[in-house]
Ligand code: ADP
Ligand code: ZN
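Right, dumping it as structure tokens:
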């Protein structure tokens, strides 16, 4: 059977997405693979399809129990024999599963990395036929990544113990060059096929809202009230924030649950299930929630606080819209978030990390936080900022993010700023923002009279400004450190370091914006937009049916069929098996299990509403909205002769330095980002370097020719990798590389 047939038969999809086929092809030709693809791009398919086609068992190493359970349920629903082995099972359940595994009952087995060392598991591994080891969330292996897990380091020992080396494939959604190199080296991937797909998620709308204090609550409440049917996650940076917000939402009768590491396992599990099974609408959580949450219909992810890094942000926000439907990612930013994060980073623990690396990691953390702040303070396209951060070149603004929908202007509020300081001095730092701002605009409030604000010099002095303008100013001043806002329930404003403000040329510039287009409603259409009211009725009926079946089978509803599949049913009204199988997401096994019930429901509806029009095509229902539609394919990387002049040569560079430099000087639009692998390929083809096998390992080294030109080797030692060597390239070789990449290159 061909890979596409397997895809259709088990998963119900007609075609592979960008990147999937390359990975699968490589695995099937027994070559290791490393795939870096954003959340929702479809990484699972990349190992599940070949797992079904390889003769033996595929072991999937995955860090989280909830992820394994979900994946296994999904696979079982698709008619695939799969199991998981982790600490949620009893010893006797584990040995039963392992003895079935030895008999070759399962094609796919999910396992936690800690388990690899246990003797029961090892016994199975030595005697079973393991064709492939897949490492999911592979960035966990690197201490440069944001979720380093020491247990991942054991994977390679495990692989090396096996009687026959299996194919090794690794998957991750976030990887910088360092993390990628770590994955490749620590896992000892053997000349892996590396596929990095574009990071853009076109169906996600990004925005940053500058709101602080209690107004964040109002924002969240208001948003949820405006989106009553939609499932969403609100991320808070601390348990305390999460608890407080949860309580407020509960009081407002929002269907809400919470999740954080301070709760007991059972409660956490129950709340998570309530969310996944669509029994509650909103989840308020810390970043403990979500890794491995495959729920496909999350329509919004709101960050109540700024996260610690873009990596974290993109991963958490990326839990929205896995089904490809338009969804929103909103970050609520206030100056105080920066303080909270600095505090959290100070408290960070370093388990299993070399002492000499801790300082470096701390520096890295600070840089990451800085980049995250940059995102929050940006006034141009947010999507381009994200993509740029992950190393993708972009050109035009996306026209589908908060900033692209806004017009920013800068206002000089230096005089206002000085008055604000005066006002805080007059109130002796005893009051919070409402009193200070109320005083400055001269509000007529009982509370202000009570404290005698009317007698202050600053009372009403800024009456020509609006309250919201002064809030922006206040945020700006907190950010610049002129004002300090204390923590706690009764947070007050105090004067910070104002020495810079006393300089003659001091300026406080505030960015104001106006909405240009419809904003938070998002301008993009959803595929439910094509349904008429009759179509919606049927959609509702099919959802009810799905809910009932899900309950009966104890699986989350989206595992039965996704919303997208149900909408396709409404739009196409299939009448028989063949028509149903033609829809995206309907595989043979699922059809056999549930198809009849859905056909029946559709037929019943059509009988009751013989002339109903269920859908009007407002847009092309594109199965794969991630594919760039109009942008066209990106060409191979090259630089212009003008760019080449900007290359800063040095006596020696690592290949990654050369790569970074070339990417940063490139002014050519619409070309792929350059990677070290492309440079490496060039060096090999130019006869300067080579890959040689030594004691079963592939070693990268210079050729005689390369040695003559001055390519040298430096020895490195790391606790994880042991001793290894890196090549360094002299100026002469740097020049050859720059020359090679100057001017367009042909794809071959
Ligand atoms: P990732 O692990 O990369 O975050 P998943 O593997 O969970 O993503 O896939 C996201 C969604 O995309 C799933 O609902 C999956 O069924 C769907 N999907 C994957 N591959 C395809 C494909 N080729 N065609 C259509 N849908 C796909
Ligand atoms: Zn944009």
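In our numbering, the protein residues as written are 103 to 850.
In this text, a Cβ means the ideal position worked out from N, Cα and C, and glycines have one as well.
Computed from a prediction, not measured in an experiment: that's the story for all the values here.
With a threshold of 7 Å (Cβ to nearest heavy atom), would residue i be considered close to the ligand ADP?
{"i": "residue 424", "result": "yes"}
{"i": "residue 155", "result": "no"}
{"i": "residue 145", "result": "yes"}
{"i": "residue 686", "result": "yes"}
{"i": "residue 119", "result": "yes"}
{"i": "residue 109", "result": "yes"}
{"i": "residue 141", "result": "yes"}
{"i": "residue 456", "result": "no"}
{"i": "residue 417", "result": "no"}
{"i": "residue 212", "result": "no"}
{"i": "residue 664", "result": "yes"}
{"i": "residue 398", "result": "yes"}
{"i": "residue 171", "result": "no"}
{"i": "residue 693", "result": "no"}
{"i": "residue 122", "result": "yes"}
{"i": "residue 113", "result": "yes"}
Buried or exposed for residue i, going by 16 or more other Cβ atoms inside 10 Å?
{"i": "residue 360", "result": "buried"}
{"i": "residue 565", "result": "exposed"}
{"i": "residue 180", "result": "buried"}
{"i": "residue 809", "result": "exposed"}
{"i": "residue 801", "result": "exposed"}
{"i": "residue 514", "result": "exposed"}
{"i": "residue 660", "result": "buried"}
{"i": "residue 712", "result": "exposed"}
{"i": "residue 209", "result": "buried"}
{"i": "residue 198", "result": "exposed"}
{"i": "residue 667", "result": "buried"}
{"i": "residue 228", "result": "exposed"}
{"i": "residue 430", "result": "buried"}
{"i": "residue 418", "result": "buried"}
{"i": "residue 445", "result": "exposed"}
{"i": "residue 103", "result": "exposed"}
{"i": "residue 764", "result": "buried"}
If you drop the 5 nearest sequence neighbours on each side, which residues of the same chain put their C-beta closer than 8 Å to that of residue i?
{"i": "residue 494", "result": "300, 301, 302 and 775"}
{"i": "residue 807", "result": "789 and 790"}
{"i": "residue 786", "result": "792 and 793"}
{"i": "residue 341", "result": "362, 363, 364 and 388"}
{"i": "residue 531", "result": "594, 595, 596 and 597"}
{"i": "residue 323", "result": "350, 351, 354 and 356"}
{"i": "residue 527", "result": "597"}
In chain order, what residues of the same chain have a beta carbon less than 6 Å from the beta carbon of residue i, not counting five sequence neighbours either side?
{"i": "residue 373", "result": "359 and 361"}
{"i": "residue 837", "result": "none"}
{"i": "residue 658", "result": "378 and 379"}
{"i": "residue 280", "result": "246"}
{"i": "residue 129", "result": "135, 152, 269 and 271"}
{"i": "residue 578", "result": "612"}
{"i": "residue 423", "result": "305, 306 and 429"}
{"i": "residue 467", "result": "447"}
{"i": "residue 676", "result": "682"}
Within the present structure, is the beta-carbon of residue i separated from the nearest heavy atom of the ligand ATP by less than 7 Å?
{"i": "residue 333", "result": "Judged by which ligands are present, the ligand ATP is missing from the structure shown, whose ligands are the ligand ADP and the ligand ZN."}
So, at 7 Å on beta carbons, what are the nonlocal neighbours of residue i in its own chain, with the 5 sequence-adjacent residues on each side left out?
{"i": "residue 483", "result": "499, 500, 503, 505 and 506"}
{"i": "residue 717", "result": "632, 633, 634, 637, 672 and 673"}
{"i": "residue 144", "result": "119 and 122"}
{"i": "residue 460", "result": "452"}
{"i": "residue 598", "result": "583, 584, 585 and 586"}
{"i": "residue 284", "result": "243, 244 and 246"}
Under 8 Å: do the segment 158-169 and the segment 381-395 share three or more Cβ pairs, one atom per stretch? Segments in contact, yes.
When you get a sec, list the residues whose CB is within less than 5 Å of any heavy atom of the ligand ZN, chain order please. The answer, residue by residue, is 483, 485, 499, 500, 503 and 506.
How do the segment 693-703 and the segment 643-658 stand: do at least 3 beta-carbon pairs fall below 8 Å, yes or no? A contact exists between the segment 693-703 and the segment 643-658.
Decide if the segment 256-264 is in contact with the segment 222-236; the criterion is three or more beta carbon pairs, one per stretch, under 8 Å apart. Judged by Cβ distances under 8 Å, the segment 256-264 makes contact with the segment 222-236, as three or more pairs qualify.
With a threshold of 8 Å, are at least 3 pairs of Cβ atoms found where one atom belongs to the segment 191-207 and the other to the segment 174-182? Verdict: no, contact absent.
Say whether the segment 307-326 touches the segment 474-486, bearing in mind that this needs 3 or more beta-carbon pairs closer than 8 Å, one atom from each stretch. Counting Cβ pairs under 8 Å, three or more are found: they touch.
Pairing CB atoms from the segment 487-507 with CB atoms from the segment 551-569, are three or more of them under 8 Å? The segment 487-507 vs the segment 551-569: no contact.
Cβ contact (3+ pairs, closer than 8 Å) linking the segment 456-473 and the segment 339-350: No, they do not touch.
Decide if the segment 151-159 is in contact with the segment 438-450; the criterion is three or more beta carbon pairs, one per stretch, under 8 Å apart. Segments in contact, no.
Give a yes or no on contact between the segment 135-145 and the segment 267-274, applying the rule of three or more CB pairs nearer than 8 Å. Segments in contact, yes.
Three or more C-beta pairs under 8 Å: does that hold for the segment 599-614 against the segment 682-696? Not touching, per the Cβ criterion.
Should the segment 510-530 be regarded as contacting the segment 316-334, the criterion being three or more beta carbon pairs within less than 8 Å? Under the three-pair Cβ rule at 8 Å, the segment 510-530 does not count as touching the segment 316-334.
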